[in-house]
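Residue numbers (UniProt numbering): 1 to 202. Don't be surprised by glycine CBs; every beta carbon is placed ideally from N, CA and C. Have a look at the structure below, then the notes.
Here you go:
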């Protein structure tokens, strides 16, 4: 069986019964709810030992089962917890579930459900109102030609930040969440200290 989920006594007995009445491994797997390889391993063990009992497993069982890892993922992806370190998450898990687990177990469990601890991408702060205005402007100018844009005086800005999150702020996220609002570090420009230059395209 390897490191997969161990079959129950009922599943193992069902596999042997299915084998005796002539079902294929694939058919048995579909009925019992396991992989065909697990069915084959169970049948082979029965042929050799005459028993359906599984061999004792070495090592300590995994502390966090699949349902626990899903629960941990929901806890960490709460927007208030994404930027917590593994030690803080460990304490939070213990407080909520009464279970003591190591920091390394926390990291492995989060990695197994697709969450990595990454440096947050930096992104200028844009208010929801300005987001809508920019989207509307982009749609209105979607059909402009190169000649249309050549008539525009372009400006460039050098800004000083009023506030920003730590430069190397880290966040728990999936690969697809790189630019998710909950996973970026925002910076905000300081308007009184903005230096603006106009670039003439002509």
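Counting every other CB atom within 10 Å of its CB across the protein chains shown gives residue 184 a total of 16 or more, marking it as buried.
Shown here, residue 103 sits in a helix according to DSSP, grouped into three states. Measuring C-alpha to C-alpha distances from residue 176 to each of 120, 126 and 125 identifies 120 as the nearest. When secondary structure is reduced to three states using DSSP, residue 118 falls in the strand class. Looking from the CA of residue 109, the closest CA among 42, 25, 10 and 70 belongs to 70. When the Cα atoms are used, residue 180 and residue 169 turn out to be separated by approximately 15 Å.
Using a Cβ distance threshold of 8 Å, residue 101 and residue 135 do not count as a contacting pair. Residue 171 has 118 as its beta-bridge partners, per DSSP. Judged by their CB atoms, residue 75 and residue 93 are nearer to each other than the 8 Å cut-off.
Sixteen is the threshold: when 16 or more other Cβ atoms of the shown chains lie within 10 Å of the Cβ of residue 173, as they do, the residue is buried.
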